[in-house]
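Following: one structure in structure tokens, then a few remarks.
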Ligand SMILES: [Zn+2]
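Below you can see the structure in the form of structure tokens.
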């Protein structure tokens, strides 16, 4: 785990099912996340992903990479282009800083419209916990 | 909203007054942290981490906000102050909302059985910002989430309350349909072939327009047609400013056109600014398609 390490990208097809399942799993019943007609009345051409789902996907991206013992300490995201059905979001990440067993990872989730999400995640990776971690020799963590 | 800067300043001062006031006071999570909600979340996210299953399961940390959500039927636990702030923004036309930022700190893991309580404060209200979505105000709240009374996470959330720059426009209105009947069907058949047909009395050769069942000169019911050459002049005109009708965009010129054959027809004068139409202006017939079904004879101004 070194500054500059790149995480392998994660491609997430943005299906209608994912958007609705994510909204309901996060108890978010705002109509723009499940009702296309009402979304259109509010100026969006279709339903779009809620921020809680984006947050969950970002968290998953980090823990998928660093392993189940990795502990999320902070997730800070900013939304840009909406995730709408039929699009694909590609999450990428770069380790920005390593302080002992804690890494700060800069993440970007880009879709066909632009950057859907940008942010930073602080994750603690106890020694020997990570599956994708460098042993210190090669420096390539993926 | 007015575009006057001092009006914005006064409004912004009213919004700023809400900073530091509680947004939710001791909200109680609808359900304690529980396995089914964790499972539904993991299924939706495609998260297969073993950390979230089994006897030592923790909840995915990013579920922090989900435990505070009111759900479908329960009113969100908002204070009167927060409701007022949102109402103030709604009333000023900033009635659309979108979440823009979420920053969460996780102090200790949440486990099934943890009872959730939370307090929320209005941390900041921005000045007026212009965004791609429309002009609006960012409202940031900070929520302290507790498990069994112990601080477990801090959730900062920013929304944009905005006046949509692109309100959906009403579906395009179609022009009114002509009323086609036994007496004028031949005229509309001609239009469909891009011919402007004038009726001619076969008894006395008088041309007549619009179409009628009998001759105004001799009373004969017998007729045939001649196709107009398409040349004409503006005999008179009006410019429509008000009221607007669906499918018509005022201002526009309506002309009474005298055809070269001598009869007159009411139609639009096109291709010339509405305020440049003049009596005596030469015009030429053309057929304009308005939609799948509707073609109409209109008159192009000849300005040379
Ligand atoms: Zn006659």
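Residue numbers (my numbering), protein chains in the order written: chain A, 109 to 250; chain B, -2 to 301. No residue lacks a Cβ here, since even glycine has one placed at the ideal position from N, Cα and C.
Per DSSP, the continuous alpha helix (DSSP H) segment holding residue 188 of chain B begins and ends at 182 to 189.
Between residue 46 of chain B and chain A, the shortest Cβ-Cβ separation is below 8 Å.
For residue 145 of chain A, the enclosing alpha helix (DSSP H) starts and ends at 144 to 149. Cβ neighbours of residue 155 of chain A within its own chain (closer than 8 Å, five residues either side excluded): 124, 127, 128, 140, 141, 142, 143, 144, 147, 192, 193. The nearest non-hydrogen atom of ligand 1 is less than 7 Å from the C-beta of residue 203 of chain B. The shortest CA-to-CA distance from residue 214 of chain A to any of A:176, A:166, A:196 is the one to A:166.
Here DSSP, grouped into helix, strand and coil, assigns residue 213 of chain B to coil. Considering only B:66, B:265, B:41, the residue with the shortest C-alpha distance to residue 168 of chain A is B:41.
With 16 or more neighbouring CB atoms inside 10 Å of its own CB, residue 134 of chain A falls in the buried class. Taking one beta carbon from each stretch, the stretch 56 to 69 of chain B and the stretch 29 to 48 of chain B have 3 or more pairs nearer than 8 Å; the two touch.
If you ignore the 5 residues before and after residue 218 of chain B, its C-beta comes within less than 7 Å of the C-beta of 210, 211, all in its own chain and listed in chain order. Among the CB atoms of chain A, one or more fall inside 8 Å of the CB of residue 59 of chain B. For residue 196 of chain B, the nearest beta carbon of chain A is not closer than 8 Å to its own beta carbon. A residue is called buried when at least 16 other Cβ atoms come within 10 angstroms of its Cβ; residue 190 of chain B does not meet this threshold and is exposed.
Residue 250 of chain B and residue 293 of chain B have their C-alpha atoms some 15 Å from each other.
The residues 229, 230, 232, 261, in chain order, have a CB closer than 7 Å to that of residue 255 of chain B in the same chain once the five nearest residues on each side in sequence are set aside. Ranked by Cα distance from residue 116 of chain A, the options A:201, A:195, A:157 are led by A:201.
Look at the beta carbons and you see the stretch 178 to 192 of chain B not touching the stretch 149 to 158 of chain B: under three pairs across the two are nearer than 8 Å. In this structure, residue 123 of chain B lies near residue 135 of chain B, with their beta-carbon atoms less than 8 Å apart.
By DSSP's assignment, residue 134 of chain B forms a beta bridge with B:158. Counting along the chain, no beta strand (DSSP E) covers residue 245 of chain B, and no H or E run does either. Minimum Cα-Cα distance from residue 125 of chain B among the listed residues B:53, B:72, B:158 corresponds to B:158. Judged by beta-carbon spacing, residue 170 of chain A lies within the 8 Å limit of residue 229 of chain A, meaning their Cβ atoms are closer than that value. Sequence-distant partners of residue 272 of chain B (beyond 5 residues in either direction) whose C-beta falls short of 6 Å from its own C-beta are missing from its chain.
Identification of residues in the stretch 181 to 196 of chain A having a C-beta nearer than 8 Å to some C-beta of chain B yields 181, 182, 183, 184, 185, 186, 187, given in sequence order. Comparing C-alpha distances from residue 113 of chain A to each of A:211, A:199, A:184 shows the shortest one belongs to A:211.
For residue 60 of chain B, the CB contacts under 6 Å within the same chain, skipping 5 residues up- and downstream, are 38 in chain order.
For residue 234 of chain B, the pairing in a beta bridge is given by DSSP as B:252. Taking the Cβ of residue 226 of chain B as the reference point, every heavy atom of ligand 1 lies at 7 Å or farther away. Counting only runs of 3 or more residues that sit fully inside the stretch 141 to 191 of chain A, the beta strand (DSSP E) segments are 179 to 187, in chain order. For residue 229 of chain A, no alpha helix (DSSP H) encloses it; the enclosing beta strand (DSSP E) starts and ends at 222 to 232. In the three-state reduction of the DSSP assignment, residue 48 of chain B falls in the helix class.
Distance from the C-beta of residue 200 of chain B to the nearest heavy atom of ligand 1 is below 7 Å.
Across the stretch 88 to 101 of chain B, CB contacts with chain A closer than 7 Å involve 93, 96, 97, 98, 99, 100, 101, in sequence order along the chain.
For residue 161 of chain B, the C-beta contacts it makes with chain A under 8 Å involve 150, 151, in order along the chain.
When only Cα atoms are considered, residue 149 of chain B and residue 122 of chain A end up about 31 Å apart.
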